[in-house]
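Written out below as structure tokens is the structure these notes cover.
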Amino acid sequence: MRLTHECRIGFSSILSRHSLPLNRFLHSAKQSNNFPYTEEVLAPHIAPLLEQKNPTQSPSVLQQIHAQFTVNGLLNKGILGTRILGVYISCSSYSDAKKLFWQLNLRYASPWNWMIRGFTQMGRFDLGVLLYFKMLSNGTVPDKYTFPYLIKACGGLRAVGLVKFLHRMVKDLGFEVDVYVGSALVGFYAENDCLDDARKVFDKLPLRDVVLWNGMLNGYLKFEGLEGELIELFEEMRSKVVPNAVTYTCLLKQCGSKSMLNLGAQLHGLVIRCGFEMQSSVANTLVELYAKCRCFSEARRLFDHVVQDNIVAWNSMIGGYVQNGLMDEALDLFGRLIRSDVKPDSVTFASLLPLVPELGNLDLGKEIHGYIVRNAVFLDLFLTNALIDMYFKCKSADMARKVFEQSSAMDIVICTAMISGFALNGMNSDALEIFRCLVGRKMTPNAVTFASTLPACGGSMALALGKELHGSIIRRGLEGRCYIASAIPCVGTRLS
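Using full-length UniProt numbering, read the sequence shown as starting at 1 and increasing by one per residue.
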């Protein structure tokens with residue numbers, strides 16, 4: 001089937017200059033007796049403009065194509081309208097996508113799939129799920145491409161019950177063994193602590209790549225007491241696929257968190273044989289593992305020869321020294337860091353500050369704080385909390401209050417740190433003032449907040465508040481928490 005000469009020139013103009021004289025072209029095509037106006041003829045010529053990786057693509061180009069397709073009645077002719085929708089979503093032009101969506105033929109799953117994907121990418125997980133049920137009420141049958149992003153939307157909502165409902169539909173439609181649908185289910189179940197469900201789907205999948213195996217391993221890593229099953233799964237994985245750097249990073253983190261030095265050393269041997277020791281993510285995790293397990297000679301060897309050029313390794317070494325009481329080594333390494341080309345970050349200082357009260361050196365704490373301010377280090381939640389904790393432990397409540405008042409990361413964790421610090425320093429009225437402040441700001445106290453506030457309620461002036469807190473604890477079912485149970489006697493028998 002040949003295009004007329006005028007039509008070919010029109011498309012050449014579109015493709016070469018993206019000036020889009022599309023209306024003139026389409027009108028010309030309609031007038032030509034030699035041009036059967038079908039998608040089969042149009043698609044090969046329009047397709048280059050709709051390539052999602054086209055570097056010249058922009059919303060304005062898409063909007064012009066969309067407008068001309070609307071005027072010329074092409075949107076419902078096959079897949080071209082859906083192709084435009086897909087590019088809108090890929091370009092994050094969500095408002096244009098929504099306008100186009102309702103112009104399309106919605107008897108087919110593809111437009112619905114794209115919109116569910118778009119809402120999920122936007123973080124509007126609720127709208128993605130609602131659109132799915134609208135799709136069903138429209139009488140449109142989902143296909144295997146519907147479920148991966150729909151399950152991802154449910155993950156954003158942590159909607160375990162809904163995914164189990166969708167899982168039954170997936171089974172009925174025969175999609176459970178599809179690699180993309182199955183991978184989405186495994187990832188969701190593993191992330192949401194449904195390990196048995198994840199494993200059942202995982203074992204049924206005929207094709208399991210390294211990413212899927214890593215997802216299953218991560219599911220086991222979240223549970224205590226499953227180290228044996230984790231190792232068995234890893235050995236099975238090695239018999240089927242080649243583990244990658246991500247695999248070893250995940251496993252080594254688990255060894256570090258549980259001080260499993262022997263297993264970590266065995267994995268380190270595999271890492272060396274696979275050639276991953278020089279990869280920064282693996283090397284950083286090895287440094288962290290050995291530092292946590294007090295094997296500082298091996299941690300320092302890796303640090304000195306492999307990963308000195310990234311801040312994560314510096315933080316692991318400094319944090320390891322501080323946690324194990326090696327204050328001189330921590331300060332010496334921090335001195336080397338600030339003289340190097342690597343810039344310390346908030347984690348560096350949050351790791352370093354606990355040594356200040358151990359040394360009883362408030363001036364050192366103020367010096368570190370001054371460095372943070374002078375170098376505009378971002379005061380995130382953890383660093384703000386570390387500064388407040390350091391000042392309270394050094395009996396400098398005024399400086400702790402100053403950090404609190406200047407913080408932009410005001411949340412329940414920082415408020416709880418302030419309450420705890422004031423209470424431990426005998427400043428009960430100040431502790432209760434912070435508690436009233438957080439309640440006034442509609443923050444929700446957690447179990448640690450209650451446990452920190454209760455000791456400040458021992459005086460007769462705060463008896464009413466103490467009783468109110470005790471009632472809230474009982475209503476929320478928190479009374480059995482060990483730190484709350486130990487805090488209640490501090491208030492005195494008058495609460496009973």
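Glycine included, C-beta positions come from ideal geometry on N, C-alpha and C.
Since this is a predicted model, take the numbers as computed values, not measurements.
Checklist entry - In terms of alpha-carbon separation, which member of M390, P148, S346 and T348 lies closest to L364? => result Locating residue 364 in the sequence shown gives position 364, counting from the first residue. Measuring from the Cα of L364, the nearest candidate turns out to be M390.
Next on the checklist: Is the beta carbon of L353 closer than 8 Å to that of L387?
Outcome noted: Counting from one through the sequence shown, the residue named residue 387 turns up at place 387. Counting from one through the sequence shown, the residue named residue 353 turns up at place 353. Their beta carbons are under 8 Å apart, which means L387 touches L353 by this criterion.
Checklist entry - To the nearest whole angstrom, what separates the beta carbons of C415 and V356, a pair I think is in contact under 8 Å? => result Here residue 415 corresponds to residue number 415 of the sequence shown, with the count starting at 1. Here residue 356 corresponds to residue number 356 of the sequence shown, with the count starting at 1. Not confirmed; about 22 Å, so no contact.
Item to check | Per-residue DSSP class, three states only, for A159 | outcome: As a working mapping, residue 159 is identified with position 159 in the sequence shown. A159 falls in the coil class under three-state DSSP.
Item to check | Cβ separation of A330 and Y321, assumed to be a contact under 8 Å, to the nearest whole Å | outcome: Numbered from 1 along the sequence shown, position 330 holds the residue referred to as residue 330. Numbered from 1 along the sequence shown, position 321 holds the residue referred to as residue 321. About 4 Å separates the two Cβ atoms, so the contact holds.
Item to check | Buried versus exposed, by CB contacts within 10 Å (16 or more), G275 | outcome: Within the sequence shown, the letter at position 275 stands for residue 275. G275 should be labelled exposed.
Checklist entry - In angstroms, rounded to a whole number, what distance separates the CA positions of M399 and I372? => result Residue numbering aside, residue 399 sits at position 399 when the sequence shown is read from its first letter. Residue numbering aside, residue 372 sits at position 372 when the sequence shown is read from its first letter. So the two alpha carbons sit approximately 15 Å from each other.
Next on the checklist: If we require 4 or more residues per run, which alpha helix (DSSP H) segments fall completely within the region 183-226?
Outcome noted: 195-204 and 210-221
Checklist entry - How long is the line joining the alpha carbons of V170 and A159, rounded to whole angstroms? => result Here residue 170 refers to the residue found at position 170 of the sequence shown. Here residue 159 refers to the residue found at position 159 of the sequence shown. Each residue's Cα considered, the two are about 16 Å apart.
Checklist entry - Buried or exposed: which applies to P148, given that a residue is buried once 16 or more other Cβ atoms fall within 10 Å of its Cβ? => result As a working mapping, residue 148 is identified with position 148 in the sequence shown. P148 comes out buried.
Item to check | Validate contact between the region 161-175 and the region 210-219 using beta carbons, cut 8 Å, 3 pairs | outcome: no
Checklist entry - Applying the criterion that 16 or more other CB atoms from any shown protein chain within 10 Å of the CB defines a buried residue, is E405 buried or exposed? => result As a working note, residue 405 is residue 405 in the sequence shown. So E405 ends up on the exposed side.
Next on the checklist: DSSP three-state label for N385, please.
Outcome noted: Residue 385 sits at position 385 when you count from the first residue of the sequence shown. The answer is helix: DSSP assigns N385 an H, G or I state.
Next on the checklist: Taking the alpha-carbon of L326 as reference, which of R339, L438 and L359 has the nearest alpha-carbon?
Outcome noted: Reading the sequence shown from its first residue, position 326 is the one you call residue 326. Closest option to L326, Cα to Cα, is L359.
Item to check | Whole-Å CB distance - T82 paired with A109, under 8 Å assumed | outcome: On the sequence shown, position 82 is the one that residue 82 refers to. On the sequence shown, position 109 is the one that residue 109 refers to. About 10 Å; that fails the 8 Å criterion.
Checklist entry - Does DSSP classify Q406 as helix, strand or coil? => result Translated into positions along the sequence shown, residue 406 becomes position 406. Helix, per DSSP.
Next on the checklist: Am I right that I412 and T444 are in contact with their C-beta atoms under 8 Å? What's the rounded C-beta distance?
Outcome noted: Taking the first residue of the sequence shown as position 1, residue 412 is located at position 412. Taking the first residue of the sequence shown as position 1, residue 444 is located at position 444. The pair is a contact, with the Cβ atoms about 7 Å apart (cut-off 8 Å).
Checklist entry - Would a C-beta distance cut-off of 8 Å place G118 and Y94 closer than the cut-off? => result For the purposes of this step, residue 118 is taken as the residue at position 118 of the sequence shown. For the purposes of this step, residue 94 is taken as the residue at position 94 of the sequence shown. Their beta carbons are under 8 Å apart, which means G118 touches Y94 by this criterion.
Checklist entry - Since V307 and S280 are thought to touch, with beta carbons under 8 Å apart, how far apart are those beta carbons, to the nearest angstrom? => result Numbered from its first residue, the sequence shown carries residue 307 at position 307. Numbered from its first residue, the sequence shown carries residue 280 at position 280. Contact check for V307 and S280: beta-carbon distance about 6 Å, within the 8 Å limit, so the pair qualifies.
Next on the checklist: According to DSSP, is I79 part of a helix, a strand, or is it coil?
Outcome noted: Position 79 of the sequence shown, counted from the first residue, corresponds to residue 79. Here I79 sits in coil by DSSP.
Next on the checklist: If I measure Cβ to Cβ from L85 and keep anything under 8 Å in the same chain, skipping five residues before and after, which residues do I get?
Outcome noted: Along the sequence shown, read from residue 1 onward, the residue named residue 85 stands at position 85. Hits under 8 Å: A97, L100, F101, L104, P111, W114 and M115.
Checklist entry - Under three-state DSSP, which class holds V179? => result The sequence position of residue 179 within the sequence shown is 179, counting from 1. In the structure shown, V179 sits in a helix (DSSP, three-state: H, G or I).
Next on the checklist: Would L289 and G264 be called neighbours here (beta carbons separated by less than 8 Å)?
Outcome noted: The sequence position of residue 289 within the sequence shown is 289, counting from 1. The sequence position of residue 264 within the sequence shown is 264, counting from 1. Their beta carbons are under 8 Å apart, which means L289 touches G264 by this criterion.
Checklist entry - In this structure, does DSSP put L424 in helix, strand or coil? => result Walking along the sequence shown from the start, residue 424 turns up at place 424. Residue state, collapsed to three classes: helix.
Checklist entry - Hey, Y248 and V201: beta-carbon distance below 8 Å or not? => result For the purposes of this step, residue 248 is taken as the residue at position 248 of the sequence shown. For the purposes of this step, residue 201 is taken as the residue at position 201 of the sequence shown. No.
Checklist entry - Given that a residue counts as buried once 16 or more other Cβ atoms are within 10 Å of its Cβ, and exposed if not, what is V163? => result The residue labelled residue 163 in the question sits at position 163 within the sequence shown. V163 comes out buried.
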